[in-house]
């Protein structure tokens with residue numbers, strides 16, 4: 001998604017040229033390219049698919065809408081398995097229109113996880129709950145902190161449901177170190193994602209994630225916490241940024257790798 | 001601030017006509033009208049000044065900038081005393097340019113409170129730390145949750161330093177009920193403010209606070225929590241909203257009172 005202006009083959013070539021060993025994929029470009037073709041492309045390139053984004057949106061009250069969401073998540077799990085990744089990232093969903101019941105929405109997420117986790121486990125896929133920044137609580141994700149994500153995940157076996165540690169969403173929280181320790185101790189850090197926090201935020205606050213080093217996030221601190229918690233998996237860089245998307249994709253990819261080397265390890 | 005298009009005399013007349021017994025004031029319009037004149041205006045109208053907004057911005061590292069901030073806060077305390085309010089609301093400040101040290105910034109806030117709280121207490125003014133929504137952590141306020149605000153406030157006597165419970169900033173947090181209990185038990189709820197959460201957020205995310213009832217906040221729930229915690233003080237409605245500011249001020253004031261009656265009590 002960081003370089004969505006690149007086609008999948010361009011992305012794969014760029015990653016290989018930059019010496020990046022894996023890639024997190026999104027469902028939409030994979031579907032556009034063709035699921036089987038995408039799976040073959042990355043496999044033949046020798047790239048690890050670190051995660052698939054995204055399932056989720058579990059908070060609907062309407063039974064038909066809820067059934068559609070569950071069916072779509074089963075499809076996402078199947079796609080993850082086909083791509084050879086063990087991790088499906090979940091954005092859990094916001095408040096249904098007109099609702100003000102955060103606790104109820106969170107409970108419906110737990111119900112959906114209960115239905116999906118065994119299905120995913122049978123296919124070798126772990127569900128990774130992503131806490132989104134509280135500014136998305138109304139319209140995208142009522143899971144706003146790492147502690148909340150863990151409260152949900154811990155209702156299920158660690159090999160079935162874990163969490164994403166994403167610096168963009170969590171950097172402000174003085175409880176995040178404790179959350180990382182707790183997640184690591186439980187074997188529940190299923191993904192680790194970098195984006196920087198830059199201001200001013202754009203209208204809609206969706207596409208203003210900063211290039212690494214441009215903002216307020218102390219990536220080395222995050223990395224030290226996550227590694228101290230026992231995490232040895234990949235680090236993904238996931239930037240939604242209109243400015244980066246407007247530039248030539250390979251240049252952005254090279255810049256991102258350079259920034260990662262300068263700030264993130 | 002909700003109806004900043006009104007002059008202070010217009011505001012006072014509008015409040016009296018609507019049967020609103022008090023008003024929270026901001027420093028800038030007070031200074032423009034004249035501090036003594038403003039104090040006389042509200043006193044002679046029989047209105048309570050529920051709070052003065054705002055002091056704070058304590059996070060500078062540069063000693064000269066820090067000294068200026070402290071001097072400005074002493075002036076704000078003096079103004080609060082002159083206006084006859086017992087509460088100065090504090091927006092504590094964001095990260096200094098180039099800094100990524102949230103913990104250090106929070107510690108400088110505590111240092112500033114230590115210098116200012118006795119000065120305020122001598123003048124009958126309480127300092128009320130406002131946790132701002134985490135989307136403001138970088139550029140306005142590194143105090144992002146009620147628990148953080150209480151961690152700071154509890155270093156000082158309750159009659160000197162307390163907190164603001166503002167629905168706009170806190171509604172998403174599943175720990176807010178516990179924070180309200182803790183704040184109430186300590187006698188530290190010094191102000192209680194209403195604004196609704198509406199999306200999409202505008203660019204810069206400053207002036208998109210929703211009219212009561214338009215968004216995701218369950219005001220009755222908040223009110224029940226705050227009252228159960230022992231709070232018996234005023235409720236302030238504080239909306240920063242470009243749309244409301246563009247409308248005729250008395251109409252917005254009447255609408256706000258009607259919305260408060262419909263949703264907030």
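Chains as they are written, first to last, in the UniProt record's numbering: chain A, 1 to 265; chain B, 1 to 265.
Where is the CB? At the ideal position from N, CA and C, for every residue including glycine.
Which of helix, strand or coil DSSP assigns to residue i
| i | result |
| --- | --- |
| residue 212 (chain B) | coil |
| residue 156 (chain A) | coil |
| residue 207 (chain A) | coil |
| residue 248 (chain A) | coil |
| residue 224 (chain B) | helix |
| residue 189 (chain B) | strand |
| residue 240 (chain B) | coil |
| residue 196 (chain A) | strand |
| residue 56 (chain A) | strand |
Below-8 Å beta-carbon distance, residue i vs any chain B residue
| i | result |
| --- | --- |
| residue 39 (chain A) | no |
| residue 182 (chain A) | no |
| residue 137 (chain A) | yes |
| residue 21 (chain A) | no |
| residue 134 (chain A) | yes |
| residue 96 (chain A) | no |
| residue 245 (chain A) | no |
| residue 199 (chain A) | yes |
| residue 144 (chain A) | yes |
| residue 100 (chain A) | yes |
Neighbour flag for residue i against chain A, beta carbons, 8 Å
| i | result |
| --- | --- |
| residue 263 (chain B) | no |
| residue 204 (chain B) | yes |
| residue 218 (chain B) | yes |
| residue 148 (chain B) | yes |
| residue 224 (chain B) | no |
| residue 90 (chain B) | no |
| residue 172 (chain B) | yes |
One or two residues paired with residue i in a DSSP bridge
| i | result |
| --- | --- |
| residue 129 (chain A) | A:90 and A:163 |
| residue 48 (chain B) | B:22 |
Rounded C-alpha distance that separates residue i from residue j
| i | j | result |
| --- | --- | --- |
| residue 147 (chain A) | residue 79 (chain B) | 41 Å |
| residue 38 (chain B) | residue 23 (chain B) | 12 Å |
| residue 187 (chain A) | residue 121 (chain A) | 15 Å |
| residue 113 (chain A) | residue 141 (chain A) | 15 Å |
| residue 262 (chain B) | residue 214 (chain B) | 12 Å |
| residue 61 (chain A) | residue 161 (chain B) | 43 Å |
| residue 55 (chain B) | residue 90 (chain B) | 5 Å |
| residue 191 (chain A) | residue 177 (chain B) | 30 Å |
| residue 219 (chain A) | residue 247 (chain A) | 24 Å |
| residue 131 (chain A) | residue 251 (chain A) | 30 Å |
| residue 69 (chain A) | residue 97 (chain A) | 16 Å |
| residue 236 (chain B) | residue 74 (chain B) | 24 Å |
| residue 152 (chain A) | residue 48 (chain B) | 45 Å |
| residue 166 (chain B) | residue 76 (chain A) | 39 Å |
| residue 133 (chain B) | residue 159 (chain A) | 34 Å |
| residue 124 (chain B) | residue 202 (chain A) | 41 Å |
| residue 175 (chain B) | residue 138 (chain B) | 22 Å |
| residue 95 (chain B) | residue 101 (chain B) | 7 Å |
| residue 46 (chain A) | residue 13 (chain A) | 11 Å |
| residue 200 (chain B) | residue 136 (chain B) | 16 Å |
| residue 144 (chain B) | residue 43 (chain A) | 44 Å |
| residue 25 (chain B) | residue 52 (chain B) | 5 Å |
Cβ-based burial, residue i [other Cβ within 10 Å; buried from 16]
| i | result |
| --- | --- |
| residue 36 (chain A) | exposed |
| residue 31 (chain B) | exposed |
| residue 93 (chain A) | buried |
| residue 239 (chain A) | buried |
| residue 28 (chain B) | exposed |
| residue 127 (chain B) | buried |
| residue 107 (chain B) | exposed |
| residue 179 (chain A) | buried |
| residue 277 (chain A) | Outside the shown range of chain A, which is 1 to 265, sits residue 277 (chain A), and nothing can be said about it. |
| residue 242 (chain A) | exposed |
| residue 269 (chain A) | Not covered by the structure: residue 269 (chain A). The range shown for chain A is 1 to 265. |
| residue 224 (chain A) | exposed |
| residue 265 (chain A) | exposed |
| residue 209 (chain A) | buried |
| residue 173 (chain B) | buried |
| residue 71 (chain A) | exposed |
Near the ligand HEM: residue i beta-carbon under 7 Å from a heavy atom
| i | result |
| --- | --- |
| residue 68 (chain A) | The model on display carries no ligand, and the ligand HEM is accordingly not part of it. |
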